[in-house]
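Visitor:
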Amino acid sequence: MGVLTTQPLDRLLDYKAPEGGCHLGAFVEVPLGPRKVLGVVWGPGKGDYDLAKIRSVIRVLDVAPMREEMRAFLTRAAEYTLTPMPAMLRLGTRAPGLGDAQSMRKVYRLGDQTPDRMTGAREKVLGVLRDYGGLSFTLSEVAEMAGVGTSVVKGLVKLGAVSEEEAPRDTPYPQLDPDYGGKDLSVDQAAGAEALRAALRSDGYGTTLLKGVTGSGKTEVYLEAVAECLRMGRQALVLLPEIALSGEFINRVEARFGMKPAEWHSGVTMTERRRCWRMVGQGDAQLIVGARSALFLPYQNLGLIVVDEEHDTSYKQEDGVLYNARDMAVLRAAINGAQVVLASATPSLESWANVEAGKYQRLELTARFGAAVMPKMAAIDMRVEDVPGGTWVSPTLRGAIQQRLEKGEQSLIFLNRRGYAPITLCRACGHQIGCDHCDARMVEHRFLKRLMCHQCGETKPMPTQCPSCEAEDRLSAVGPGVERMGEEVAALFPDARIAVLSSDLYGSARAMKAHIEEIATGGTDIIIGTQLVAKGHNFPLLTLVGVIDADLGLQGSDLRAAERTFQLMRQVAGRAGRGDTPGQALLQTYQPEHAVIRAILAGDEESFWKAEAEERKAAGVPPYGRMAGIILSSPNVQEVFDLGAEMARMDAPLRQIGAQVFGPAPAPIARVRGRHRVRLLVKAEKSAPLQQALAKWAGQFRLPANLRMAIDIDPQSFY
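With UniProt numbering, letter number 636 in the sequence shown gets 636, and the count goes up by one each step, no holes.
1) Taking 8 Å as the cut-off, decide whether the C-beta atoms of valine 153 and leucine 139 are in contact.
2) Within 10 angstroms of the Cβ of lysine 218, are there 16 or more other Cβ atoms? Answer buried if so, exposed if not.
3) Would you call arginine 105 buried or exposed, if buried means 16 or more other Cβ atoms sit within 10 Å of its Cβ?
4) Which term fits histidine 431, buried or exposed, when burial requires 16 or more other beta carbons within 10 angstroms of its beta carbon?
5) For leucine 135, count neighbouring C-beta atoms within 10 Å of its own C-beta (all shown protein chains included) and say buried if the count is 16 or more, exposed if not.
6) Run through DSSP, which three-state label would cysteine 426 get?
7) Exposed or buried, what is proline 44 when buried is set at 16 or more other beta-carbons lying within 10 Å of its beta-carbon?
8) For aspartate 604, which of Thr346, Arg67, Met442 has the nearest alpha-carbon?
9) Quick one: Cα of leucine 38 to Cα of cysteine 22, how far?
10) Starting from glycine 92 and walking both ways along the alpha helix (DSSP H), at which residues does that stretch end?
11) Are the beta-carbon atoms belonging to threonine 208 and alanine 198 less than 8 Å from one another?
12) When DSSP labels each residue in this structure, what does glycine 419 get in the three-state scheme?
13) So for phenylalanine 27, helix, strand or coil by DSSP?
14) Can you check which of these residues, Gln300, Gln567, Glu385, Gln465, is closest to proline 592 by C-alpha distance?
15) With a cut-off of 8 Å on the beta carbons, I'd call valine 678 and phenylalanine 641 a contact; round off their distance for me.
16) Do alanine 294 and leucine 342 count as a contact pair if the criterion is CB distance below 8 Å?
17) Using CA atoms only, rank isn't needed, just tell me which of Glu614, Glu612, Leu587, Ala611 is closest to leucine 601.
18) Does DSSP put phenylalanine 608 in a helix, a strand or coil?
19) Leaving out the 5 sequence neighbours to the left and right, which residues in its chain are closer than 7 Å to glutamate 141 when beta-carbon positions are compared?
20) Could you have a look at arginine 11 and say whether DSSP puts it in helix, strand or coil?
21) CB alanine 613 to CB leucine 349, shorter than 8 Å?
22) Give the secondary structure of glycine 127 by DSSP, where H, G and I count as helix, E and B as strand, and everything else as coil.
23) Rounded to the nearest angstrom, how far is the Cβ of isoleucine 498 from that of isoleucine 526, given a contact under 8 Å?
24) Tell me which residue opens and which closes the alpha helix (DSSP H) that residue 722 is part of.
25) I need the boundaries of the beta strand (DSSP E) containing glycine 625, first residue and last residue.
26) Compare the Cα-Cα distances from proline 84 to each of Leu12, Arg404, Ser56, Ala684 and report the closest residue.
27) Quick one: what's got a C-beta closer than 7 Å to leucine 703's C-beta in the same chain, skipping five residues either side?
28) Measuring only the C-alpha atoms, how far is phenylalanine 701 from arginine 675?
29) Near aspartate 712, what residues of its chain come up, given a Cβ to Cβ distance below 6 Å and the 5 sequence neighbours on each side ignored?
30) Taking phenylalanine 222 as part of the alpha helix (DSSP H), name the residues at either end of that continuous run.
31) Below 7 Å CB to CB, which residues in the same chain sit around methionine 328 once its five sequence neighbours on both sides are set aside?
32) Would you mind reading off the limits of the alpha helix (DSSP H) that contains aspartate 642?
33) Specify, as a first and last residue, the run of the beta strand (DSSP E) that tyrosine 108 falls within.
34) Please report the straight-line C-alpha distance between proline 622 and histidine 594, rounded to a whole angstrom.
35) Is it right to say valine 307 is buried, meaning 16 or more other beta carbons lie within 10 angstroms of its own, or is it exposed?
36) I'd like the span of the beta strand (DSSP E) that includes glutamine 235, first residue to last.
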């Protein structure tokens with residue numbers, strides 16, 4: 001039989017089946033050289049050499065076999081992303097200790113004896129166990145529920161009043177009740193929930209874009225779809241873009257269904273991950289809340305996938321296997337005959353285009369839930385504000401924050417830290433230095449004292465005066481960091497309680513969750529944050545959002561720059577005024593007349609999307625064309641440039657499908673961990689068979705030992 005292993009090999013390996021045989025999809029342990037490795041029975045063996053030399057499978061693991069739809073999903077995902085199958089299988093087997101025997105633990109339930117001498121502590125323990133009708137608990141659970149020490153429970157075991165038994169550690173998750181805690185929905189929400197329920201009852205595949213302004217109650221609507229999925233006996237998956245969001249969300253799920261769901265992300269313990277993987281495969285986990293890798297769990301009967309904040313760039317995995325979880329969710333659902341809900345206040349242009357093309361349904365929630373209203377939005381023209389050099393908060397924004405402090409309300413100062421390299425901007429006229437040969441803005445490389453275009457590789461010396469208004473020494477790379485901003489705000493408002501929120505400032509996901517909960521209950525006056533705060537958090541006391549650098553990112557070398565700025569500003573502004581007090585959002589900008597800034601202030605989304613779609617169509621770029629990024633990296637700079645130049649020359653397989661190759665050019669981050677990086681960009685028409693052509697093209701080259709090539713289909717970032 002043919003076994004696919006998790007080792008980096010380019011083929012199935014033949015093994016003899018164990019005594020009694022094994023199923024297609026069985027997880028097995030097989031010998032590979034001197035090692036034992038994990039594999040899955042993928043099909044019949046080739047049998048094209050001496051059968052006497054074929055080694056036997058060591059053992060079949062005691063877990064549910066990989067289902068046919070999971071094998072199809074891994075195969076299709078590998079073909080789309082041009083990923084070797086062993087790397088895809090590693091994504092599908094990322095639970096620790098899969099091959100270990102089922103581990104046991106001691107549990108305690110009511111015994112059949114009555115103690116001779118009854119004390120208050122003993123009565124509490126027995127009372128708790130009676131109340132739960134014979135259910136069993138761990139020692140610490142019983143002691144905690146009864147409010148006694150563990151020695152009391154152990155004493156009752158010796159007397160036979162409490163029974164001590166061995167039970168498997170990996171236990172099914174508690175049953176969720178779809179009818180437990182439904183909320184009263186608005187007319188808008190009820191109509192949306194019914195449409196999603198009807199889609200689920202159709203028992204086939206479909207994708208719905210659930211669009212609603214921030215605070216409109218999208219979560220309540222799609223939780224009704226989850227409830228319907230549970231009533232049908234199928235499993236549901238909710239993907240969240242950030243682990244930091246999961247704490248608040250888990251509490252909402254518990255309030256709605258009476259119990260906590262299964263969790264799958266890097267903040268979960270190894271023991272809990274193994275339990276989740278096994279229970280999902282057995283059908284003993286009904287609802288899974290997780291990060292993008294939760295798509296690769298072995299679902300027994302998947303009926304619904306919700307992708308919350310579907311526009312979020314963190315759904316794109318940027319290392320290892322390069323995939324977009326939003327697109328893979330749609331693929332997985334299509335194979336499983338499941339429904340997909342893509343939820344966002346500011347959808348991606350890809351999803352908007354799929355709705356326009358009739359591939360997705362669209363549901364819209366137009367009003368905020370309850371008393372909350374959308375915040376008022378206004379621009380602060382930084383060209384006329386008196387801001388001393390090296391500082392960032394304008395007098396107008398400072399005054400607005402002071403007003404909030406006097407009223408006991410919260411303010412958020414937001415930094416648009418999109419992308420890596422800053423933009424070189426003139427502080428006199430707002431001009432950004434662009435490339436002479438393409439539409440990208442040029443980026444300052446300090447150590448070279450030069451400006452460089454990351455699209456075509458063009459460079460020029462760093463000028464001393466602005467090419468537009470000729471002002472001397474007014475050029476600067478825009479953008480402070482959050483810590484520097486924290487110092488400035490502390491100096492401006494010495495008595496305010498200030499919290500700096502940035503994902504890299506926390507040692508663990510738990511620490512970040514705890515801090516966010518403390519802020520939400522009013523433990524802070526001024527929050528300073530990056531993209532992390534734009535996502536899903538609910539701060540009821542927050543009434544002012546000040547965006548420090550609204551136009552940073554507007555004209556980066558990224559084709560999605562305008563779209564991302566639009567989404568981010570709308571999302572951040574949506575954090576304000578979610579309670580009873582109306583909110584305000586102030587955007588500091590050097591370009592208040594820019595089309596994107598005007599669209600943000602006017603809230604005219606449809607006309608923004610239409611204009612953005614027309615521009616992308618004209619340029620033939622996603623979602624109206626296809627792109628792939630190729631990144632070459634090596635410790636030897638000459639080696640990567642030589643191979644990049646050779647690949648650009650030998651592009652016949654790509655020319656045959658009408659594709660173009662741009663580059664090679666240095667990657668914006670030209671050296672990472674001592675490895676030099678070079679990029680090529682391939683652009684093709686929407687209908688072109690890009691993957692086959694790329695595989696044929698890349699297959700022409702033998703890579704030197706230390707050179708790596710990564711192919712990124714549909715790149716989201718261009719670093």
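All C-beta atoms in this analysis are idealised placements derived from N, C-alpha and C, irrespective of residue type, glycine included.
Guide: This is what the structure holds:
1) Position 153 of the sequence shown, counted from the first residue, corresponds to residue 153. Position 139 of the sequence shown, counted from the first residue, corresponds to residue 139. Contact flag set, yes.
2) To locate residue 218, count along the sequence shown from 1; it is residue 218. Per the 10 Å Cβ criterion, buried.
3) The residue labelled residue 105 in the question sits at position 105 within the sequence shown. That one is exposed.
4) Here residue 431 corresponds to residue number 431 of the sequence shown, with the count starting at 1. Burial call: buried.
5) Locating residue 135 in the sequence shown gives position 135, counting from the first residue. By the neighbour-count rule (16 or more Cβ atoms within 10 Å), leucine 135 is not buried but exposed.
6) As a position in the sequence shown, residue 426 is number 426, starting the count at 1. Here DSSP, grouped into helix, strand and coil, assigns cysteine 426 to strand.
7) The count along the sequence shown starts at 1 and reaches residue 44 at position 44. Per the 10 Å Cβ criterion, exposed.
8) Position 604 of the sequence shown, counting from 1, holds the residue named residue 604. Among Thr346, Arg67, Met442, the Cα nearest to that of aspartate 604 is on Thr346.
9) Mapped onto the sequence shown, residue 38 falls at position 38. Mapped onto the sequence shown, residue 22 falls at position 22. In this structure, the CA atom of leucine 38 is about 15 Å from the CA atom of cysteine 22.
10) Residue 92 sits at position 92 when you count from the first residue of the sequence shown. From DSSP, the alpha helix (DSSP H) with glycine 92 extends over 85-92.
11) Counting from one through the sequence shown, the residue named residue 208 turns up at place 208. Counting from one through the sequence shown, the residue named residue 198 turns up at place 198. If you check the CB distance, threonine 208 and alanine 198 do not come in under 8 Å.
12) Numbered from its first residue, the sequence shown carries residue 419 at position 419. For glycine 419, the predicted model reports a pLDDT of 34, less than 50, meaning its position is unreliable; a value from the coordinates is still stated below. Judged by DSSP in its simplified three-state form, glycine 419 adopts coil rather than helix or strand.
13) Taking the sequence shown and counting its residues from 1, one reaches residue 27 at position 27. In this structure, DSSP gives phenylalanine 27 an extended state, which the three-state scheme calls strand.
14) The residue labelled residue 592 in the question sits at position 592 within the sequence shown. The shortest Cα separation from proline 592 among Gln300, Gln567, Glu385, Gln465 belongs to Glu385.
15) Along the sequence shown, read from residue 1 onward, the residue named residue 678 stands at position 678. Along the sequence shown, read from residue 1 onward, the residue named residue 641 stands at position 641. Yes, valine 678 and phenylalanine 641 are in contact; Cβ-Cβ is about 6 Å, under 8 Å.
16) Residue mapping note: residue 342 aligns to position 342 of the sequence shown, counting from 1. Residue mapping note: residue 294 aligns to position 294 of the sequence shown, counting from 1. No. Outside cutoff.
17) Your numbering for residue 601 matches position 601 in the sequence shown. Of Glu614, Glu612, Leu587, Ala611, the residue nearest in Cα terms is Leu587.
18) Position 608 of the sequence shown holds residue 608. Three-state result, phenylalanine 608: helix.
19) Within the sequence shown, the letter at position 141 stands for residue 141. Nothing meets the Cβ criterion.
20) Translated into positions along the sequence shown, residue 11 becomes position 11. DSSP places arginine 11 in coil when its eight states are reduced to three.
21) The residue given as residue 613 occupies position 613 in the sequence shown. The residue given as residue 349 occupies position 349 in the sequence shown. Judged by beta-carbon spacing, leucine 349 lies within the 8 Å limit of alanine 613, meaning their Cβ atoms are closer than that value.
22) As a first step, residue 127 is located in the sequence shown; it is residue number 127 there, counting from the start. Reduced to three states, the DSSP call for glycine 127 is helix.
23) Position 498 of the sequence shown, counted from the start, is the residue given in the question as residue 498. Position 526 of the sequence shown, counted from the start, is the residue given in the question as residue 526. About 5 Å separates the two Cβ atoms, so the contact holds.
24) Outside the displayed span of the chain (1 to 719) sits residue 722, for which this structure offers no information.
25) What you label residue 625 is simply residue 625 of the sequence shown in a count that begins at 1. 625-634 is the span of the beta strand (DSSP E), which, as asked, contains glycine 625.
26) As a working note, residue 84 is residue 84 in the sequence shown. Per the Cα distances, Leu12.
27) By one-based count along the sequence shown, residue 703 stands at place 703. Excluding residues within five positions, the ones whose Cβ falls inside 7 Å are Met709.
28) Position 701 of the sequence shown, counting from 1, holds the residue named residue 701. Position 675 of the sequence shown, counting from 1, holds the residue named residue 675. Taking the Cα positions, phenylalanine 701 is about 20 Å away from arginine 675.
29) Position 712 of the sequence shown, counted from the first residue, corresponds to residue 712. Leu322, Gly629.
30) Within the sequence shown, residue 222 is the residue found at index 222, counting from 1. Strictly speaking, residue 222 in this sequence is tyrosine, with phenylalanine absent from that position. Boundaries of the alpha helix (DSSP H) harbouring tyrosine 222: 218-231, taken from the DSSP string.
31) By one-based count along the sequence shown, residue 328 stands at place 328. Only residues of its own chain outside the window of five on either side were considered, and among them Ala77, Leu295 have a CB closer than 7 Å to the CB of methionine 328, listed in chain order.
32) For the purposes of this step, residue 642 is taken as the residue at position 642 of the sequence shown. Per DSSP, aspartate 642 is one residue of the alpha helix (DSSP H) stretching across 637-649.
33) Your numbering for residue 108 matches position 108 in the sequence shown. That run of the beta strand (DSSP E) goes 104-110.
34) Sequence index remark: in the sequence shown, residue 622 carries index 622 (1-based). Sequence index remark: in the sequence shown, residue 594 carries index 594 (1-based). Taking the straight line from one Cα to the other gives about 23 Å.
35) Working through the sequence shown from its first residue, we reach residue 307 at position 307. Counting Cβ neighbours within 10 Å, valine 307 comes out buried, since at least 16 surround it.
36) The residue given as residue 235 occupies position 235 in the sequence shown. Unbroken beta strand (DSSP E) run through glutamine 235: 235-239.
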